[in-house]
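Have a look at the structure below before the remarks.
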Amino acid sequence: MKKWTKWAVTALALATLVATTACGKKADNGGSETDFKGKTLKVGVWGGNESEEKSLKELVKNFESKTGAKVSLKTYTDYNTQIQTDLIGKTAPDVFYVDSSYYPFLAEKGALAKLDKKAFDSDKYYENLVKAFSTKGEMYAVPKDFSTLALYKNTEMFEDVGVDPASVPTSYEELVKWLPAFQEKLDAKYGKGKVYAMSYTAELSRSYHLAARDGAEPIKEDGQPNLADKKVVSNLSILKELVDTKAVVTPQEIGAGWNGEAFGTKKIAMMDEGNWVYQTLKTEFSDVKFTVSPMETYKSTEGGMMYSVGWGKYAGTKQSALADEWIKYVTGVDGMTLWVNGTGTLPAREDVAETAELSKNEDLKVHLSAVDYSTVWQKGTSLTTINTAYMNYWPEAASGKISLEEAMKKADKQAEDDIAKSK
Numbered sequence: 019m020k021k022w023t024k025w026a027v028t029a030l031a032l033a034t035l036v037a038t039t040a041c042g043k044k045a046d047n048g049g050s051e052t053d054f055k056g057k058t059l060k061v062g063v064w065g066g067n068e069s070e071e072k073s074l075k076e077l078v079k080n081f082e083s084k085t086g087a088k089v090s091l092k093t094y095t096d097y098n099t100q101i102q103t104d105l106i107g108k109t110a111p112d113v114f115y116v117d118s119s120y121y122p123f124l125a126e127k128g129a130l131a132k133l134d135k136k137a138f139d140s141d142k143y144y145e146n147l148v149k150a151f152s153t154k155g156e157m158y159a160v161p162k163d164f165s166t167l168a169l170y171k172n173t174e175m176f177e178d179v180g181v182d183p184a185s186v187p188t189s190y191e192e193l194v195k196w197l198p199a200f201q202e203k204l205d206a207k208y209g210k211g212k213v214y215a216m217s218y219t220a221e222l223s224r225s226y227h228l229a230a231r232d233g234a235e236p237i238k239e240d241g242q243p244n245l246a247d248k249k250v251v252s253n254l255s256i257l258k259e260l261v262d263t264k265a266v267v268t269p270q271e272i273g274a275g276w277n278g279e280a281f282g283t284k285k286i287a288m289m290d291e292g293n294w295v296y297q298t299l300k301t302e303f304s305d306v307k308f309t310v311s312p313m314e315t316y317k318s319t320e321g322g323m324m325y326s327v328g329w330g331k332y333a334g335t336k337q338s339a340l341a342d343e344w345i346k347y348v349t350g351v352d353g354m355t356l357w358v359n360g361t362g363t364l365p366a367r368e369d370v371a372e373t374a375e376l377s378k379n380e381d382l383k384v385h386l387s388a389v390d391y392s393t394v395w396q397k398g399t400s401l402t403t404i405n406t407a408y409m410n411y412w413p414e415a416a417s418g419k420i421s422l423e424e425a426m427k428k429a430d431k432q433a434e435d436d437i438a439k440s441k
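Numbering (this note's numbering), first residue to last: 19 to 441.
Given below as structure tokens:
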């Protein structure tokens, strides 16, 4: 499953896309066609891992056998840029992946056809996921799966330093107080600077749920940045406190590409990461023993991030009924069960969540239960622009070079300027 993607749009591309997709809204929306023999459906996806590619091939094989149609896969390597090019050229696939963070842009530009909520069993899916792919109560993509964050602990490391993994505080506020002593034990066992207590990802896509606590608004309803707001800065201060313990680092600071690599190579004892890391740990770092716990609470409330991908239908497709048939199959009980059992992703349908193999996996059930309290990574069309600005200035705050408030003011200014240039 794709974690989430960075996307940016030039003013020219925006203007062109508005013009070229407007006519797509008039495309027929399905119909009673049932004979699909000899027809070809173009399906757009991005590259996945080996298990995802294998599962997708199986879905294609089953669908072709079921309908008599041919599926032509188009795999994007730079999805958000390339799909824009195809939309502008009116050559977009009939159906394609839609990342929840990218959905607002596609919906605003009329690139997606409206889907009948009843025909696509919208009541069978988690409500917050349906909402993530809906505009003004109308659904424009069907969620195929999702991911959430959880806290992973290397149980062998805890055992080595004589600490019970269950003793880790369950709130960020208490964790800040607990970490220094734990780091001292790690230093004594492995050598100073060799192993850190925890790693984190320095992106707004991971910390948005913290920034937005107690009704704070990191991004305004009109899409403008609001990171320097006093409530937002106050909320984000917990991250600065964690970094200031000298026990929490980014993977890059210790020579790793991402949390999963840092954890798998035993450079950290804990990490908060998405369920996509689970299979990586089981296959690439099988010697690492770990447990999975819910995310830490903050200000007495549960929270975390959720990332989802749906299947959308191109507004200009000439294979509308066949596209509907594909979406119904891959997001139906049989198709989704095949997908989640083969990939380890989380099912968007509640009925599949009850019957899929992951219901027997206590670790993945931690991720699944987070659907009730996690925040979907989605907020208008300027989300990535603001995230980029945050990433550019957070390091200055984390290092103590400037205050957190000043860093967020600079981030707001950069985002405001970039948003203005795109109009």
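Backbone N, C-alpha and C define an ideal beta-carbon position, used for all residues, glycine too.
What is the residue span of the alpha helix (DSSP H) that residue i lies within?
i, result
"F114", "Taken as a continuous stretch (DSSP letters only), F114 belongs to no alpha helix (DSSP H), being part of the beta strand (DSSP E) at 113-117."
"W412", "401-416"
"A220", "Taken as a continuous stretch (DSSP letters only), A220 belongs to no alpha helix (DSSP H), as it is neither H nor E."
"Y190", "190-208"
"G278", "277-282"
"M313", "Unbroken run through M313: none, as it is neither H nor E."
"S83", "68-85"
"L382", "380-387"
"E434", "422-439"
"L15", "Lying outside 19 to 441, the shown extent of the chain, residue 15 is not represented and no answer is given."
"D104", "97-106"
In terms of DSSP beta bridges, what is residue i paired with?
i, result
"P365", "D163"
"F308", "N172"
"V394", "M324"
"K331", "V113"
"L130", "Y332"
"L91", "V61"
"V266", "M216"
"I237", "P243"
"Y347", "Y347 is not bridged to any residue."
"S152", "M157"
"Y143", "R367"
"T319", "Y316"
Spatial neighbours of residue i within its chain, please: CB distance less than 8 Å, with the 5 preceding and 5 following residues excluded, ordered by chain position.
i, result
"K21", "Unreliable positioning characterises K21 in this predicted model, as indicated by a pLDDT of 42, which lies under 50. A coordinate reading is not provided."
"I272", "Y214, S217, A280, K285, I286"
"G282", "T298, L299, E302, F303, V306"
Just to confirm my understanding: we take residue i, look at its own chain, exclude 5 residues before and 5 after, and list those with CB closer than 6 Å. What are they?
i, result
"P187", "L193, W196"
"Y94", "W64, Q100"
"K57", "A87, L340"
"G201", "First, the amino acid is wrong: residue 201 is Gln here, not Gly. Once the five neighbours on either side are set aside, the close Cβ partners of Q201 are A215, A265."
"F138", "V160"
"D104", "A110"
"A407", "A429, Q432, A433"
"K44", "Here the model assigns K44 a pLDDT of 41, short of 50, so the residue's position is not dependable and the matter cannot be decided."
"V78", "V89"
"Y332", "A110, D112"
Quick one: what's got a C-beta closer than 7 Å to residue i's C-beta in the same chain, skipping five residues either side?
i, result
"V394", "S118, N146, A150, M324, S326"
"A153", "The amino acid at residue 153 is misidentified as Ala; the sequence shows Thr. These residues qualify, in order along the chain: A125."
"Y144", "A366, E368, V389"
"F81", "V89, W344, Y347"
"E414", "I420, A425"
"V267", "Y214, S217"
"P269", "S217, G275, W276, N277, E279, A280"
"E423", "A246, V251"
Where does the unbroken beta strand (DSSP E) through residue i begin, and where does it stop?
i, result
"M288", "286-292"
Is residue i a contact residue of the ligand SAM, with contact defined as CB to any heavy atom under 8 Å?
i, result
"E320", "For the structure depicted, the ligand SAM is absent and the ligand set is empty, with no information on it obtainable."
### Query
So does the stretch 250-263 actually touch the stretch 207-214, counting three or more Cβ pairs closer than 8 Å?
The stretch 250-263 is not in contact with the stretch 207-214.
### Message
Does the contact criterion of 3 or more C-beta pairs under 8 Å hold for the stretch 358-369 versus the stretch 381-392?
### Response
yes
### Query
Quick check: the stretch 224-231 against the stretch 277-288, are there 3 or more CB pairs under 8 Å?
no
### Query
Is the stretch 395-405 touching the stretch 343-362 in the sense that three or more CB pairs, one from each, lie closer than 8 Å?
no
### At least three beta-carbon pairs within less than 8 Å, the stretch 170-184 to the stretch 305-312
yes
### Query
On the three-pair Cβ rule with 8 Å, is the stretch 72-90 touching the stretch 336-355?
Yes: the two stretches touch, three or more of their Cβ pairs being nearer than 8 Å.
### Query
On the three-pair Cβ rule with 8 Å, is the stretch 421-432 touching the stretch 239-253?
yes
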